[in-house]
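Trainee:
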Amino acid sequence: GDSVTQMEGPVTLSEEAFLTINCTYTATGYPSLFWYVQYPGEGLQLLLKATKADDKGSNKGFEATYRKETTSFHLEKGSVQVSDSAVYFCALDTGRRALTFGSGTRLQVQP
Amino acid sequence: SQTIHQWPATLVQPVGSPLSLECTVEGTSNPNLYWYRQAAGRGLQLLFYSVGIGQISSEVPQNLSASRPQDRQFILSSKKLLLSDSGFYLCAWSVLGYWASDTQYFGPGTRLTVL
Chain A
54 GDSVTQMEGP VTLSEEAFLT INCTYTATGY PSLFWYVQYP GEGLQLLLKA
104 TKADDKGSNK GFEATYRKET TSFHLEKGSV QVSDSAVYFC ALDTGRRALT
154 FGSGTRLQVQ P
Chain B
6 SQTIHQWPAT LVQPVGSPLS LECTVEGTSN PNLYWYRQAA GRGLQLLFYS
56 VGIGQISSEV PQNLSASRPQ DRQFILSSKK LLLSDSGFYL CAWSVLGYWA
106 SDTQYFGPGT RLTVL
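Protein chains in written order, with our numbering: chain A, 54 to 164; chain B, 6 to 120.
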């Protein structure tokens, strides 16, 4: 079945450090891929998405490239801020009306 | 623009009591609707989804049920809560267009504590 694997957290970084959160997936067909962010006590917000191979999603300085050959969708940001502290979820959609989520990665950014 | 509401925001209930959580969407018609549960420190588990009024699909058998009495209203219920029902409940909506990738948009969530 479809699945998403994310690196376990928490990931602790200093402000202005480079961020990578790994995400790999298993799916049949050609899924769309998403990154969602959840700030403390809130619901999930769509951060970025990519719908086909080699697409790059980007938003708020975050980027992720859909790599079909490695079945990956790693999230990156060049310089993190304290306000980026949150839980990040990778997800995929294979067109079966529901998203499959990874377990989430908590990011803690220290000033 | 579209907005999604959930209430209550927080709820503390005794074991064995009933439950009703409500979700409503504004600004769109005939959305797909979803209920997820997020247990403490864990990922999201899809509980139910609905593609139309009265159409409910259950992903996980349990003591919860869902109903969709109106196009933009989705209700999560239980007759008798269990301790294991504690968690953060998220409602989401999407519109599956011809070229869409079924992006889902989430509500603010309801934090349920069963004591």
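Glycine included, every Cβ here is placed at the ideal spot set by N, Cα and C.
Keep in mind the model is a prediction, meaning the values are calculated, not measured.
Would you check if the distance between the CB atom of B/Tyr94 and the CB atom of B/Thr118 is smaller than 8 Å?
Mentor: Position 89 of the second sequence, counted from the first residue, corresponds to residue 94 of chain B. Position 113 of the second sequence, counted from the first residue, corresponds to residue 118 of chain B. No, the pair does not count as a contact, with Cβ atoms beyond the cut-off.
Trainee: How would you label B/Leu87, buried or exposed, when you count the other beta carbons within 10 angstroms and need 16 or more for buried?
Mentor: Locating residue 87 of chain B in the second sequence gives position 82, counting from the first residue. Exposed, by the Cβ-count rule.
Trainee: At a Cβ cut of 8 Å, what residues of the region 99 to 131 of chain A count as close to chain B, listed as they run along the chain?
Mentor: Leu99, Lys102, Thr104
Trainee: Where are the beta strand (DSSP E) runs, 3 residues long or more, that stay fully inside the region 79 to 141 of chain A, in chain order?
Mentor: 85 to 91, 97 to 103, 109 to 112, 115 to 118, 128 to 130
Trainee: For a cutoff of 8 Å on Cβ pairs, would you count B/Gln109 as touching chain A?
Mentor: As a first step, residue 109 of chain B is located in the second sequence; it is residue number 104 there, counting from the start. Chain A contact via Cβ: present.
Trainee: Quick check on A/Ala151: does DSSP put it in helix, strand or coil?
Mentor: Translated into positions along the first sequence, residue 151 of chain A becomes position 98. Coil, per DSSP.
Trainee: Ordered along the chain, which non-local residues of its own chain (more than five positions away) have a Cβ less than 6 Å from that of B/Gln7?
Mentor: Taking the first residue of the second sequence as 1, we reach residue 7 of chain B at position 2. Contacts found: Gly32, Thr33.
Trainee: Assuming A/Thr124 and A/Thr77 make a contact with CB atoms under 8 Å, what is their CB distance in whole Å?
Mentor: If you number the first sequence from 1, residue 124 of chain A lands on position 71. If you number the first sequence from 1, residue 77 of chain A lands on position 24. Confirmed, about 5 Å.
Trainee: Among B/Tyr54, B/Ser63, B/Ser91, whose alpha-carbon lies nearest the alpha-carbon of B/Val100?
Mentor: On the second sequence, residue 100 of chain B is found 95 positions in, with the first residue counted as 1. Ranked by Cα distance from B/Val100, the options B/Tyr54, B/Ser63, B/Ser91 are led by B/Tyr54.
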